[in-house]
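Enquirer:
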Amino acid sequence: MVGVAHHVGVIKPYGFLDIPIALSTKWLTEFQWIDQIQNHLEFCGINYYGQVKSPDT
Numbered sequence: 814m815v816g817v818a819h820h821v822g823v824i825k826p827y828g829f830l831d832i833p834i835a836l837s838t839k840w841l842t843e844f845q846w847i848d849q850i851q852n853h854l855e856f857c858g859i860n861y862y863g864q865v866k867s868p869d870t
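Taking the working numbering, I'd label the letters of the sequence shown as residues 814 to 870.
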């Protein structure tokens, strides 16, 4: 069996200057390379790391 584990996370800019970096990082870490190798895979595992907002205490 041939497969990969792929990281999927929340990428948000914290300021105006962070927008280009956040967009390029999001493009690189999403499914661009999975789409390229999909015909050679038998499975793809997803590691999803979400974002949780908690109220200030």
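Glycine included, every Cβ here is placed at the ideal spot set by N, Cα and C.
Check whether the Cβ atoms of Ala818 and Asn852 sit closer than 8 Å, and answer yes or no.
Expert: No, the pair does not count as a contact, with Cβ atoms beyond the cut-off.
Enquirer: My assumption, with CB atoms under 8 Å, is that Thr842 sits in contact with His820. Please give the rounded CB distance.
Expert: Contact holds; Cβ gap of about 6 Å.
Enquirer: Out of Gln864, Phe856 and Leu830, which has the shortest C-alpha to C-alpha gap to Leu816?
Expert: The residue you asked about is not Leu; residue 816 is Gly in the sequence shown. Considering only alpha carbons, the answer is Phe856.
Enquirer: With a Cβ-Cβ cutoff of 8 Å, do Val823 and Gln849 count as a contact?
Expert: Result no, Cβ atoms of Val823 and Gln849 do not sit closer than 8 Å.
Enquirer: What's the C-alpha gap between Pro833 and Leu854?
Expert: Going from the Cα of Pro833 to the Cα of Leu854 covers about 31 Å.
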